[in-house]
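In my numbering, the protein residues as written are 882 to 1226. Cβ coordinates follow ideal geometry from the N, Cα and C atoms, glycine included. No experiment lies behind these values; they were computed from the predicted model shown.
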Amino acid sequence: MTATMPIDTGPPSNPSSRMLQMLNGFLTVQALYVAAALGIADGLADGSRSIDDLANATGADRVSLYRLLRMLSGSGVFREEADGRFALTPLGGCLRSDGPDSVRDWALYVGAPAMWPVWGALGESVMTGGAAFPRMHGLALWDYMVEHPELGTPFNRWMSRQSEQHNAALIASYDFSPFRTVADIGGGQGSTLAAVLRAHASLRGILFDLPDVVKRPAPLEVAGALERCAVIGGDMLQGVPAGADAYVVKRVLMDWGDEQAVRILRNCAGAMGEGGKILVVEMVLPPRNQPGPGNTFDLLMLLVHTGARIRTEAAFLDLFSAAGLRLTRIIPTTSPNTILEGVRL
């Protein structure tokens, strides 16, 4: 006998119906992953196609592919036409690899064979407090992605796309013009610093990250800002370069536990000059019982990085205080990030 999966047939306001939608969400995630991996949205970019054509193009089983696309058509991702052909919808367009609002790379990451069993280990992480990914794969996520580009490549593309959007929101939300030198701590290859320097021609910059990371600061070169920037390799837990009057720490503290986060902030506080400011740019958890991307992302951090977390405003206040800083402003942006401005006590 085959088990029957309960189907949601009730109104969205019905608690049981809503719960069933949530419980069956795992199917939607995998369906979107498979569609993204097969490049279905790209294949429909120039118009509708028959299931036979799509099956031939992807090498998929015709009947099984039809069942997949029928399910996703019911969710508005594709549209099954009267003649049996499938067309792309605006929602499905987000799975194109070249669209301005593409989320295809995120689909390829969250649904990947290496990640899927990690989500299933949430119960163990909740019970032990340990991250599931390194336990299951024997490597930290970053090291694993270096060895497995099938996971690392879409992840890095997604992060680059997100960084561009987040940088635009940062520039629009905060005035960097009063500063002389901006240091980007843990700034990767310099995309955020490049955006700041591009927007403010009089500013100088310091890019600081691990030596291997800052070897090729391509974004600074593309922005024509490399000549205004000192590129320095080092360990932020040991110290950061002095000489800046603004220290940007963007999406760094979420990767660390409280002890390491305080150390990073304290190093920045000790390095910045009189009247300097520190700008922590991070997701902030919403108030109790409120939805928000931080809630979901916090669980992801629990699963993939030991000690990593998304924090509340109160938690950031404690971190700043422990590091000898006073939190002066909390500035929302149009991205999921919030700017937390601080000065030395």
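Ends of the alpha helix (DSSP H) at residue i?
| i | result |
| --- | --- |
| P1213 | It is not in any alpha helix (DSSP H) - P1213 instead sits in the beta strand (DSSP E) that spans 1206 to 1213. |
| L1020 | Neither: L1020 is in no alpha helix (DSSP H) and is coded neither H nor E. |
| V1143 | 1139 to 1152 |
| A922 | 921 to 924 |
| H1047 | 1030 to 1054 |
| G955 | 943 to 955 |
Please list the terminal residues of the continuous beta strand (DSSP E) segment that includes residue i.
| i | result |
| --- | --- |
| E1009 | Reading off the sequence, residue 1009 comes out as Thr, not Glu. Not the beta strand (DSSP E): T1009 falls in the alpha helix (DSSP H), residues 1003 to 1009. |
| L1221 | 1218 to 1225 |
| A1104 | Where A1104 is concerned, there is no enclosing beta strand (DSSP E), given that its DSSP letter is neither H nor E. |
| I1191 | No beta strand (DSSP E) contains I1191, which DSSP labels as neither H nor E. |
Out of curiosity, what's the CA-to-CA distance linking residue i and residue j?
| i | j | result |
| --- | --- | --- |
| L1198 | G1151 | 18 Å |
| V1095 | G1067 | 10 Å |
| A993 | L1032 | 7 Å |
| T883 | P981 | Its pLDDT being 48, under 50, T883 is placed unreliably by the model, and the measurement read from it follows with that caveat. Near 43 Å, if we compare the C-alpha coordinates of P981 and T883. |
| F967 | S931 | 6 Å |
| P896 | G906 | 16 Å |
| P1059 | G1223 | 15 Å |
| A1204 | D1126 | 17 Å |
| T1215 | Q911 | 29 Å |
| A995 | R1097 | 29 Å |
| A1075 | L1134 | 21 Å |
| A1142 | T1193 | 14 Å |
| P1174 | A963 | 38 Å |
| M900 | W1000 | 19 Å |
| S956 | I921 | 15 Å |
Can you tell which of the options has the C-alpha that lies nearest to the C-alpha of residue i?
| i | options | result |
| --- | --- | --- |
| Y914 | L949, M1040, V1094 | L949 |
| A1123 | T1062, A916, M996, Y990 | T1062 |
| S1083 | A1099, D1065, F1057, E1102 | F1057 |
| L871 | E1102, A936, P1213 | Beyond the ends of the chain as shown, which are 882 and 1226, falls residue 871; an answer cannot be given. |
| I1220 | M1117, Y1055, N1148, L1101 | Y1055 |
| L1226 | N1218, F1201, R1210, P1217 | F1201 |
| I1145 | G1010, Q1171, G1115 | G1115 |
| W1039 | T909, R1085, V984 | V984 |
| D1139 | A1195, A918, L1181, Y1128 | A1195 |
Taking DSSP's pairing of strands, which residues face residue i in a bridge?
| i | result |
| --- | --- |
| A1064 | I1087, Y1128 |
| A968 | R960 |
| G1114 | D1090 |
| K1158 | A1127 |
| V1165 | R1192 |
| R1314 | Here the chain covers residues 882 to 1226 and nothing more, so residue 1314 does not appear. |
Using 8 Å as the threshold, is the stretch 1092 to 1109 in touch with the stretch 1058 to 1073, meaning 3 or more CB pairs across them? yes
Is the stretch 1107 to 1126 touching the stretch 1167 to 1177 in the sense that three or more CB pairs, one from each, lie closer than 8 Å? Judged by pairs of C-beta atoms under 8 Å, the stretch 1167 to 1177 does not touch the stretch 1107 to 1126, as fewer than three such pairs exist.
Does the stretch 1013 to 1026 come within contact of the stretch 1180 to 1195, defined as at least 3 CB pairs closer than 8 Å? yes
Should the stretch 1023 to 1034 be regarded as contacting the stretch 1082 to 1096, the criterion being three or more beta carbon pairs within less than 8 Å? no
Are the stretch 960 to 975 and the stretch 927 to 947 touching by the rule of at least three beta carbon pairs closer than 8 Å? yes
Any contact of the stretch 941 to 955 with the stretch 995 to 1013, i.e. 3+ C-beta pairs under 8 Å? The answer is no - the stretch 995 to 1013 does not touch the stretch 941 to 955, with fewer than three Cβ pairs under 8 Å.
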